[in-house]
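Take a look at the structure below.
Protein chains: 2
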Amino acid sequence: MPITIADVAARAGVSKTTVSRVLNGRGELDAATEARVRRVIDELGYVPSARAVSLARGRTGVIGMLVPSLTWPWTGQVLQGAVDTVESGKYGLMLFTCNQGDGSMRQFASQVDAKAFDGLLVIEPEGTLDYITELHAAGLPVVLIDDRESRPQFPSVATTNRAGGRQAALHLLELGRRRPLVVSGTPGFGCVTERTEGFTEAFAEAGFPVPAEALLDGDFTLESGRAAVARAVAGGVEFDALFAHNDLSAAGAMQALGEAGRVVPRDVAVVGFDDVDLAALTTPPLTTVRQPLREMGVLAARMLLARLAGEPFPTEPVVIPTDFVVRGSTAPQA
Amino acid sequence: MPITIADVAARAGVSKTTVSRVLNGRGELDAATEARVRRVIDELGYVPSARAVSLARGRTGVIGMLVPSLTWPWTGQVLQGAVDTVESGKYGLMLFTCNQGDGSMRQFASQVDAKAFDGLLVIEPEGTLDYITELHAAGLPVVLIDDRESRPQFPSVATTNRAGGRQAALHLLELGRRRPLVVSGTPGFGCVTERTEGFTEAFAEAGFPVPAEALLDGDFTLESGRAAVARAVAGGVEFDALFAHNDLSAAGAMQALGEAGRVVPRDVAVVGFDDVDLAALTTPPLTTVRQPLREMGVLAARMLLARLAGEPFPTEPVVIPTDFVVRGSTAPQA
DNA sequence: CTGAAAGCGCTTACAG
DNA sequence: CTGAAAGCGCTTACAG
Numbered sequence: 001m002p003i004t005i006a007d008v009a010a011r012a013g014v015s016k017t018t019v020s021r022v023l024n025g026r027g028e029l030d031a032a033t034e035a036r037v038r039r040v041i042d043e044l045g046y047v048p049s050a051r052a053v054s055l056a057r058g059r060t061g062v063i064g065m066l067v068p069s070l071t072w073p074w075t076g077q078v079l080q081g082a083v084d085t086v087e088s089g090k091y092g093l094m095l096f097t098c099n100q101g102d103g104s105m106r107q108f109a110s111q112v113d114a115k116a117f118d119g120l121l122v123i124e125p126e127g128t129l130d131y132i133t134e135l136h137a138a139g140l141p142v143v144l145i146d147d148r149e150s151r152p153q154f155p156s157v158a159t160t161n162r163a164g165g166r167q168a169a170l171h172l173l174e175l176g177r178r179r180p181l182v183v184s185g186t187p188g189f190g191c192v193t194e195r196t197e198g199f200t201e202a203f204a205e206a207g208f209p210v211p212a213e214a215l216l217d218g219d220f221t222l223e224s225g226r227a228a229v230a231r232a233v234a235g236g237v238e239f240d241a242l243f244a245h246n247d248l249s250a251a252g253a254m255q256a257l258g259e260a261g262r263v264v265p266r267d268v269a270v271v272g273f274d275d276v277d278l279a280a281l282t283t284p285p286l287t288t289v290r291q292p293l294r295e296m297g298v299l300a301a302r303m304l305l306a307r308l309a310g311e312p313f314p315t316e317p318v319v320i321p322t323d324f325v326v327r328g329s330t331a332p333q334a
Numbered sequence: 001m002p003i004t005i006a007d008v009a010a011r012a013g014v015s016k017t018t019v020s021r022v023l024n025g026r027g028e029l030d031a032a033t034e035a036r037v038r039r040v041i042d043e044l045g046y047v048p049s050a051r052a053v054s055l056a057r058g059r060t061g062v063i064g065m066l067v068p069s070l071t072w073p074w075t076g077q078v079l080q081g082a083v084d085t086v087e088s089g090k091y092g093l094m095l096f097t098c099n100q101g102d103g104s105m106r107q108f109a110s111q112v113d114a115k116a117f118d119g120l121l122v123i124e125p126e127g128t129l130d131y132i133t134e135l136h137a138a139g140l141p142v143v144l145i146d147d148r149e150s151r152p153q154f155p156s157v158a159t160t161n162r163a164g165g166r167q168a169a170l171h172l173l174e175l176g177r178r179r180p181l182v183v184s185g186t187p188g189f190g191c192v193t194e195r196t197e198g199f200t201e202a203f204a205e206a207g208f209p210v211p212a213e214a215l216l217d218g219d220f221t222l223e224s225g226r227a228a229v230a231r232a233v234a235g236g237v238e239f240d241a242l243f244a245h246n247d248l249s250a251a252g253a254m255q256a257l258g259e260a261g262r263v264v265p266r267d268v269a270v271v272g273f274d275d276v277d278l279a280a281l282t283t284p285p286l287t288t289v290r291q292p293l294r295e296m297g298v299l300a301a302r303m304l305l306a307r308l309a310g311e312p313f314p315t316e317p318v319v320i321p322t323d324f325v326v327r328g329s330t331a332p333q334a
């Protein structure tokens, strides 16, 4: 029932080889022959089967993308950038998440082993970097998004986490804040280390080193922001500013501050990271370090596509700088 | 270099047929033979090539999913539910969006024609329902998410949009509100019609029909919520309540209300739709109709997987009811 | 400029 | 219980 290249060949009175040549634009073809074959293709509405093409060519035409969770507010932006780019490169995008823990990774691994895609885009999922590194070493083209300095030999797209942390610090210092609380993201992520370092270095250089008790581990969730503030307040830590590693935990922190009777920005000036939609909607609106999320997705996908087209990977991580967006949560106090 | 079924067969001293039988658990096999083949498979780390399997079997093992945009805050939830389910069904999920308009749809269509997936999950993208209907009619198993009453013959997962609209209305009526403004989603979507109808019917039944001037078209964006309120205020429309078709436009509406000097909930009680994370974080927190987003993704994927496993589709749309979440934006006034 | 044939790596009747 | 052979629908040397 479904028409194949053989049907086209028969109807056009040529060999399958010739039809294939027309399809792929390879070799010199008689113009009349080519026109005739094209006409038949149109008449029949023939489209080559992706299954057969991929087996014959030894490539799938699919790019895999592994993402930690789709419910994080910024994942959508990166993903959208990647999907758009992959799509215009005539590839398909196969999506995987680590949402179900080990089960997910097993499923993902089985698709890798089955060679279900030609290249991989990864937003580093907690604790799988070693596995991804193996894949890369085994020859699967991989581009990592975000986690920059942990494996410099890895093709990756990053943003200026360290500079972003520094921007946040300089802004708070300028406002006269001297005792910041830092609510970090999940420990172990390269971006987490960098953001904290950029931030604390700037404070230290200004003569106000951040004490260890003011550095609190979070995990990028709303709840972790709340919990960190609650812990700090309960522990008697004094602070007049707060830097969170993402907007979501900053929003959680602001809620907890409100519950603790601290007014933002009067008592505590708050800076987040990411600039997701939510940031403009908190009360007060959140000052934040803007990550070029969509752009990172686009660039990572472009690098991978270029690689699959035969070009070499860049040897250095590609870095897209962060922006700084000032809003009400750090409004200067009269 | 990559090992094939032939390598396994040779090393185990059996035919490829036998290896295939072990792999797929088909036919009676001598226990010793099977054990030997399994051992060789393990030793060699052999995994069948997805490309070859799909060509031989005539199926891809992939499910396509078409989504309007990944940057809408609720898409992630539905998608996550679908991905998790598809994954545990041993299928892959190929993601498509309509983000680039016609170009996207062309790319999507070419993958459909190439039979790059066995079944399709769709969150109805504006204006492509006819095309999807064709695909369904042409034999591609399709499950639609959300847009319920526009094509009753379509396998779909929906939620109680009409009942949700009614819940919102009854809640506002109970609070003594009589002149609601409705900020609808993109016109033409089935859910939009239903939400408005459920809402206006309840008001009419209570003796307070909603005038046409209070029904404003939006498009689910933050900006459309702002714009609608601005229009109503400028037009002199009087209102003491607002029902928005999603949380994002409700948030936009609340911003515009603030700018217009109207206090929520004192002057205007606001109800949204969806219950995305954002809803709990607006000021005041947003009362909203909760959609079972993740559950809808899970169920739609299950229906499709069951269908691909040979079971028939349910003949009726499957409906998961909405919930109603009361928060500060409709707090009773003393 | 064009075609016959082999091959991609599996599955599946068909035989035994 | 097991295997030889054909077939899935293309691409790609190899010949002419």
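Just so you know, the sequences run in chain order A and B.
Heads up: the first sequence begins at 1 in full-length UniProt numbering, then just goes up one per residue.
Heads up: the second sequence begins at 1 in full-length UniProt numbering, then just goes up one per residue.
Every residue gets a Cβ at the ideal spot worked out from N, C-alpha and C, and that includes glycine.
Original post:
From Cys98 of chain A to Val83 of chain B, what distance separates their C-alpha atoms?
Top reply: 10 Å
**OP:** Assign Gly272 of chain A to one of three DSSP states: helix, strand, or coil.
**Re:** strand
Original post:
Under the rule that 16 or more other beta-carbon atoms within 10 Å means buried, what is Glu124 of chain A, buried or exposed?
Top reply: buried
Original post:
Which class does Ser49 of chain A belong to by DSSP, given the choice of helix, strand or coil?
Top reply: coil
Subject >> Length of the line joining the Cα atoms of Glu122 of chain B and Thr75 of chain B >> reply: First, the residue type needs correcting, since residue 122 of chain B is Val and not Glu in the sequence shown. Going by the C-alpha atoms only, they are around 11 Å apart.
Subject >> Proximity below 9 Å, CB of Arg177 of chain B to CB of Ala250 of chain B >> reply: no
Original post:
Candidates B:Pro211, B:Arg38, B:Leu286, B:Ala114: which alpha carbon is nearest Pro180 of chain B's?
Top reply: B:Pro211
Subject >> Residue-chain proximity (Phe273 of chain B, chain A), Cβ-Cβ < 9 Å >> reply: no
**OP:** Taking all protein chains shown into account, decide if Thr196 of chain B is buried (16 or more other Cβ within 10 angstroms of its Cβ) or exposed.
**Re:** buried
**OP:** Give a yes or no on whether 9 Å exceeds the smallest Cβ distance from Asp84 of chain A to chain B.
**Re:** yes
Subject >> Under the three-state DSSP convention, the category Thr18 of chain B falls into >> reply: helix
Original post:
When the Cβ atoms of the segment 226-235 of chain A are set against those of the segment 188-207 of chain A, are three or more pairs found closer than 8 Å?
Top reply: no
**OP:** Run through the segment 245-291 of chain B for me and flag every whole alpha helix (DSSP H) of 4 or more residues, listed as ranges in chain order.
**Re:** 247-259
Original post:
With a cut-off of 9 Å, does the C-beta of Glu87 of chain A fall near any C-beta of chain B?
Top reply: yes
Original post:
Under a three-way DSSP split, which group does Gly58 of chain B fall into?
Top reply: coil
Original post:
Quick one, which of B:Val229, B:Ala334, B:Tyr91 has its alpha-carbon nearest Arg59 of chain B's?
Top reply: B:Tyr91
**OP:** Measure the alpha-carbon distance for Ala331 of chain B versus Val326 of chain A and round it to whole angstroms.
**Re:** 32 Å
Subject >> Residues that Ala251 of chain B contacts on chain A, provided the C-beta gap is smaller than 8 Å >> reply: Leu281
Original post:
Which partner residues of Thr159 of chain B appear in the DSSP bridge assignment?
Top reply: B:Ile320
Subject >> Coil, strand or helix - Gly198 of chain B by DSSP >> reply: helix
Subject >> The alpha helix (DSSP H) enclosing Gly225 of chain A, as first and last residue numbers >> reply: 222-234
Subject >> Closer than 9 Å to chain B by CB, Leu93 of chain A >> reply: yes
**OP:** Could I get the ranges of all uninterrupted alpha helix (DSSP H) runs contained in the segment 95-133 of chain A, with 4 residues as the minimum, in chain order?
**Re:** 102-113
Original post:
Within the 9 Å Cβ cut-off, does Thr128 of chain A reach chain B?
Top reply: no
Subject >> Ala168 of chain A (DSSP reduced to helix, strand or coil) >> reply: helix
Original post:
Taking DSSP as the reference, what is the three-state secondary structure of Gly64 of chain A?
Top reply: strand
Subject >> Residues of the segment 24-47 of chain A with Cβ closer than 7 Å to any Cβ of chain B, in chain order >> reply: Val47
Original post:
Would the segment 152-169 of chain A and the segment 305-323 of chain A be scored as touching if the rule is three or more Cβ pairs under 8 Å?
Top reply: yes
Original post:
Along chain A, in chain order, which residues have C-beta atoms closer than 8 Å to that of Gln107 of chain B?
Top reply: Glu87, Ser88, Lys90
Original post:
Helix, strand or coil: which one does DSSP assign to Gly297 of chain A?
Top reply: helix
**OP:** Can you say whether Asp247 of chain A is buried or exposed, counting buried as having 16 or more other CB atoms within 10 angstroms of its CB?
**Re:** buried
**OP:** Check the DSSP bridge columns for Gly92 of chain A and list the partner residues they point to.
**Re:** A:Val62
Original post:
Beta carbon of Gly297 of chain B, beta carbon of Gln80 of chain B: below 9 Å?
Top reply: yes
Original post:
Under 9 Å, do Phe154 of chain A and Leu140 of chain A count as touching if we go by C-beta distance?
Top reply: no
Subject >> Of the residues A:Ser69, A:Gly164, A:Arg262, A:Val47, the one placed nearest Ser20 of chain A, counting alpha carbons only >> reply: A:Val47
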